[in-house]
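>
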Amino acid sequence: MRAHLPGLSAALWAAMLLCAAPPVGAQPASPEAVACAAPELLLEVVVGGAPRGAVPVRLGADLADTLVPPDVLRAAEAGYAAQTVTCDDVPFVRLSGQVAVTFDQPRQRLLIRPRLDRLQGDTLNLAGAAAVVPDVGRPVWGVEYGADVQATYALIPAGAPATFAATVNADVGGSGGAWSGSAGALLERSDGSWRAHPRAQVSVGVTDGVRVGAAWNAQPLEGSPGLSSSDFRGVALGAQGGFTLLDPERRVDLPLEADVRVFLDGREVAARRAGPGVLRLVDIPHPAGAPVTVQVEVTDESGVRVQEWVLEPDPDPLPRGAYLAAVRAGASRGAWGADVRGEYGLGRGWRVGASGSAQLGGALSAGARVAYADARGGAQASVQVTSAVTGGVRSTVTTLGLRGETQVGAARVSAFTVLPLGAWQDTQLGAALNANLDPWTLSVSARTALRRDTWSVEGSVTRTFDTVGSVTLSAAAQPGGWRLGVAGGYRPSPRWDLTGGVRAVQVPPAPGSEAPAVAWQAGAGAGFQVDTGNRVTARVSRDDLAVGGSHVGRVLASGEVGLRGASARVQGAVVALPDGPSAQATLGQRAVLLQTGVPGLSILLGGVFVGRTDAAGSVLLSGFTPGETAEVRVDLRDAPFGVQVGTDRRVIVPPQAGLTVLDWRANFRVLRWVQVRGADGTPVGNGRVVWSGGAVLLDDEGFGLFPAQVVRGEVRSAGDEVLCVLDVTPGAQEVRCGTPPDRPVQ
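Under mature numbering (1 follows the signal peptide of the UniProt record, and there is no 0), residues -26 to -1, 1 to 720 are what the sequence shown spells out, in order.
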């Protein structure tokens, strides 16, 4: 390697050349002799940024021929040496020609730059490190209660028989550590008498991924039963795993031997003394559903430094290799049997599932499916086989199913088919289209079977008027009947909403009878949002008048009283905490706290309405089926004004036990009602607010929907005249604007 020696005088350079040059006619000297002939200087040697002290160095004209004492290099740095050379009985090390050497004459320093590929390096396998502390859920113990009462009667016309039905439950239980369970009773009244059903269920975690349970008049592994009724008596086993991913490799450059500490989300998981070179961190564990920060702290002779990466979560709720499985055995409705179900992730949005059941009476069923899902939609293919014995003869039916859904521009298109093998006449076909063409919304669906007169078509079109109202025209038809209706909604203020509609219905005639006359139905309703957790409603129709209300908070309650019936439902729990008892909606023995940040959202679990988000925008989800994922959806038809949703659905993996938190707030953008007033306090009606990020229309009372962040802009009239300027801060419900600016905001 040739290199320039900065600052070296011409005389010294010439002398070095003369000493190194052989006499005329003599044989060329060996490289070792040339290196030993170089002048010996006392220099400070620095290797990889670490000073090794002042030592005698034979500095060759070609820096590749430089000789340094052997103790300058550590044992792990042997790769920097080419050979050992003895000069005047003193051992030296000749550096490899691949090592970068620099001579700093003013400071009398010899700098040996690190060449990591000349060093052995090291490997640290983290596969055995725990990515996170196993989540066994928050410990919770207490009493859960609930009541559901239904009464029917007729004040108009009077004299109609009245009925009364009720369900009441009280259960003591909870979960903590590996254990979870409850014991209590369910009281039911449906035919004039009360019946009590004592019940109990318990489960224990055998390992982090395996749980066993038993139940009496309840469903094992599903947590507190609440107001649900069951006569199952038996045992169950659930397992899940594969939700810890392994990042294949991260590299850390170590120019020197160092002490290395590895942290995952601030928790130390490994520490060791590592040799110089490239340290390979392999198989770094991290949970599939959450980001993890990896920090590597390196301490060597040159000081301390930290290298950091963020391992992103897998967007697939069931990543490659992850699985859920559950098996149950026991008696229900007097029949003994067993069932099994499970799902397995294939990666990239694909997963497969299977289920099966068998009863002692001979009934068998088995099914399998493969599904794909992404942000635009998904598809699923399934096969189901059922077999039963009737009159000593076994019959078997095999059914194929296909369904798909995708986004096409502003429209969402879906289709399905059900194909019974050997009974093609019972084939079912269906398709639907939903399009959002603001301010219009269109929905059309149709389904049919291959038999005669088995079709149906329905559709609706909605026109919204900013944020104050909407009108919907709907229609449906099927053989022998049809339905046509018009409905509308109006919001005179952010807290009030009014609805009304009328429709005409003709149902198919009964066999042997004439077609009935067209029936007209009409109704109206009103709702008032007292605050984020309380709502009051009223509705009126031709033969009924009813008022009701609901409360969403530490207790879930709803009720309604009308001329033809009444209903009430309440559900809650009293939980023991270290600082005293506390009220909440449920014990949460096996539940997910879904955080949306938006109050009043209607949430569907598996297509069934399960509740609304509370004042904090959260809702507690429970009742998950062991061995399966669950799909959570937001009912966009019932979403509050001013809420923008990224996606209306999400597949989640329920916990095996305890309460886990799922943060979904990034999926929602919340707009807020703000009233804009002029400097004199008068509302600025029918104008608009313009700022660099967009514009907001104001109604006749000066109300507009503003984003949650700070807005600084201008208020303009319908003729685009600048009226005033304003600042809308987060949390403001009313704002006054000041003097118009000299020039409009661009």
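Glycine included, C-beta positions come from ideal geometry on N, C-alpha and C.
Fair warning: this is a prediction, and the values are worked out from it, not measured in the lab.
Taking only the alpha-carbon atoms, compute the straight-line gap between T228 and T218 and give it to the nearest angstrom.
As a working note, residue 228 is residue 254 in the sequence shown. As a working note, residue 218 is residue 244 in the sequence shown. According to the sequence provided, residue 228 is Leu. The question's Thr does not apply to it. The straight-line gap from Cα to Cα measures roughly 28 Å.
> Are the beta-carbon atoms belonging to A589 and T506 less than 9 Å from one another?
Locating residue 589 in the sequence shown gives position 615, where the first residue counts as 1. Locating residue 506 in the sequence shown gives position 532, where the first residue counts as 1. Yes, these two residues count as a Cβ contact at 9 Å.
> When the Cα of Y297 is compared with those of E282, W283, Y318 and A303, which residue comes out closest?
Taking the sequence shown and counting its residues from 1, one reaches residue 297 at position 323. Answer by Cα proximity: Y318.
> Taking all protein chains shown into account, decide if P(-5) is buried (16 or more other Cβ within 10 angstroms of its Cβ) or exposed.
As a first step, residue -5 must be located in the sequence shown, where it is residue number 22. Below a pLDDT of 50, predicted positions are generally treated as unreliable, and P(-5), at 49, falls in that range; no measurement from the model is reported.
> Report the rounded CA-to-CA distance for V(-3) versus V226, giving the unit in angstroms.
Indexing the sequence shown from 1 puts residue -3 at position 24. Indexing the sequence shown from 1 puts residue 226 at position 252. Any reading at V(-3) is ruled out, since the residue's pLDDT is 46, under 50, leaving its predicted position unreliable.
> If I follow the unbroken beta strand (DSSP E) through G570, where does it start and stop?
Within the sequence shown, numbered from 1, the residue matching residue 570 stands at position 596. One point to set straight first is that residue 570 is Thr, not Gly, in the sequence displayed. No beta strand (DSSP E) holds T570; DSSP gives it neither H nor E.
> By the three-class DSSP mapping on this structure, what secondary structure does V8 have?
Locating residue 8 in the sequence shown gives position 34, where the first residue counts as 1. The answer is helix: DSSP assigns V8 an H, G or I state.
> Going by DSSP, what residues sit across from Q82 in a beta bridge?
If you number the sequence shown from 1, residue 82 lands on position 108. Looking at the DSSP assignment, Q82 forms no beta bridge with any residue, so it has no partner.
> One question on the structure: do A12 and D39 come within less than 9 Å of each other, judged by their Cβ atoms?
In the sequence shown, counting from the first residue as 1, residue 12 sits at position 38. In the sequence shown, counting from the first residue as 1, residue 39 sits at position 65. Cβ atoms of A12 and D39: closer than 9 Å.
> Measuring alpha carbon to alpha carbon, tell me which of A406, R81, D45 and R623 ends up nearest V67.
The residue you call residue 67 lines up with position 93 of the sequence shown. That would be D45, whose Cα lies nearest to the Cα of V67.
> Could you tell me whether the segment 607 to 621 touches the segment 528 to 547, where touching means 3 or more Cβ pairs closer than 8 Å?
In short, these stretches do not touch, since the Cβ pair count stays below three.
> Is it a yes or a no for the segment 472 to 480 touching the segment 450 to 459, going by three-plus beta-carbon pairs under 8 Å?
Yes: at least three Cβ pairs fall under 8 Å.
> D239 bridges to which residues according to DSSP?
Walking along the sequence shown from the start, residue 239 turns up at place 265. Answer is none; D239 lacks a bridge partner.
> Does DSSP put L610 in a helix, a strand or coil?
If you number the sequence shown from 1, residue 610 lands on position 636. Correct three-state label for L610: helix.
> Under 8 Å, with one C-beta from each stretch per pair, do the segment 173 to 190 and the segment 271 to 282 reach the 3-pair mark?
Output reads no: the segment 271 to 282 does not touch the segment 173 to 190.
> Is N143 buried or exposed, if buried means 16 or more other CB atoms sit within 10 Å of its CB?
Reading the sequence shown from its first residue, position 169 is the one you call residue 143. Counting Cβ neighbours within 10 Å, N143 comes out buried, since at least 16 surround it.
> Leaving out five residues on either side along the sequence, give the residues of the same chain with a beta carbon under 7 Å from the beta carbon of F680.
Within the sequence shown, residue 680 is the residue found at index 706, counting from 1. Only L645, R646, V648, V670 and V702 meet the Cβ criterion.
> So, under 8 Å CB-CB, T401 and A423 are touching, yes? Tell me the CB distance rounded to an integer number of Å.
Along the sequence shown, one-based indexing puts residue 401 at 427. Along the sequence shown, one-based indexing puts residue 423 at 449. 6 Å between Cβ atoms; contact.
> So, does the segment 615 to 631 touch the segment 557 to 568, judging by three or more C-beta pairs under 8 Å?
Taking 8 Å as the limit for Cβ pairs, the verdict is that the segment 557 to 568 does touch the segment 615 to 631.
> Which same chain residues, not among the five before or five after P287, have their C-beta less than 7 Å away from its C-beta?
Taking the first residue of the sequence shown as 1, we reach residue 287 at position 313. Taken in chain order, the residues that qualify are A262, G263, A264 and P265.
> My understanding is that R32 touches A9, with C-beta atoms under 8 Å, so please give their C-beta distance in whole angstroms.
Within the sequence shown, the letter at position 58 stands for residue 32. Within the sequence shown, the letter at position 35 stands for residue 9. Between A9 and R32 the Cβ distance is about 6 Å, and since that is below 8 Å, they are a contact.
> Determine contact between the segment 245 to 256 and the segment 184 to 192, defined as no fewer than three beta-carbon pairs at a distance below 8 Å.
Taking 8 Å as the limit for Cβ pairs, the verdict is that the segment 184 to 192 does not touch the segment 245 to 256.
> For the beta strand (DSSP E) that contains C61, what are its first and last residues?
For the purposes of this step, residue 61 is taken as the residue at position 87 of the sequence shown. Run containing C61: A55 to C61, per the beta strand (DSSP E) assignment.
> Between V514 and A450, what straight-line distance do the alpha-carbon atoms span, to the nearest angstrom?
The residue labelled residue 514 in the question sits at position 540 within the sequence shown. The residue labelled residue 450 in the question sits at position 476 within the sequence shown. Computed Cα separation, rounded: 24 Å.
> Check L17 in the structure and name its three-state DSSP category.
In the sequence shown, counting from the first residue as 1, residue 17 sits at position 43. In this structure, L17 counts as strand in the three-state DSSP scheme.
> Run through DSSP, which three-state label would D221 get?
Taking the first residue of the sequence shown as position 1, residue 221 is located at position 247. If DSSP states are grouped into helix, strand and coil, D221 belongs with the strands.
> Exposed or buried, which one is A213 when buried takes at least 16 other CB atoms within 10 Å?
Numbered from its first residue, the sequence shown carries residue 213 at position 239. Its Cβ being crowded by 16 or more others within 10 Å, A213 is buried.
> Can you give me the Cβ contacts of Q720 inside the same chain, cut-off strictly under 6 Å, excluding the 5 residues immediately before and after it?
As a first step, residue 720 is located in the sequence shown; it is residue number 746 there, counting from the start. For Q720, the predicted structure reports a pLDDT of 36, less than 50, and the residue's modelled location is therefore unreliable. The matter cannot be settled from this model.
> CB T373 to CB V359, shorter than 9 Å?
In the sequence shown, residue 373 corresponds to position 399, counting from 1. In the sequence shown, residue 359 corresponds to position 385, counting from 1. Against a cut-off of 9 Å, the Cβ pair of V359 and T373 comes out as a contact.
> Is the segment 119 to 126 touching the segment 51 to 59, taking contact as three or more C-beta pairs under 8 Å?
With the cut-off at 8 Å, the segment 119 to 126 and the segment 51 to 59 do not touch.
> Considering just the uninterrupted stretch of the beta strand (DSSP E) at L201, what are its terminal residues?
Here residue 201 is taken as the residue at index 227 of the sequence shown, counted from 1. It is not in any beta strand (DSSP E) - L201 carries neither H nor E in the DSSP assignment.
> Pull up the distance between the alpha-carbon of A192 and that of S524, whole angstroms please.
For the purposes of this step, residue 192 is identified with residue 218 of the sequence shown, where counting begins at 1. For the purposes of this step, residue 524 is identified with residue 550 of the sequence shown, where counting begins at 1. Their backbone Cα atoms lie some 28 Å apart in a straight line.
> For F206 and R307, I'd like the C-alpha separation in whole angstroms.
Counting from one through the sequence shown, the residue named residue 206 turns up at place 232. Counting from one through the sequence shown, the residue named residue 307 turns up at place 333. Straight-line Cα distance between these residues: approximately 7 Å.
> Relative to the C-alpha of A653, which candidate in L700, L395 and N660 has its C-alpha closest?
As a first step, residue 653 is located in the sequence shown; it is residue number 679 there, counting from the start. Comparing Cα positions, the closest option is L700.
> For a quick check, are the C-beta atoms of G463 and G443 less than 9 Å apart?
To locate residue 463, count along the sequence shown from 1; it is residue 489. To locate residue 443, count along the sequence shown from 1; it is residue 469. In this structure, G443 lies closer than 9 Å to G463 by Cβ.
> In this structure, does DSSP put Q399 in helix, strand or coil?
On the sequence shown, residue 399 is found 425 positions in, with the first residue counted as 1. DSSP places Q399 in helix when its eight states are reduced to three.
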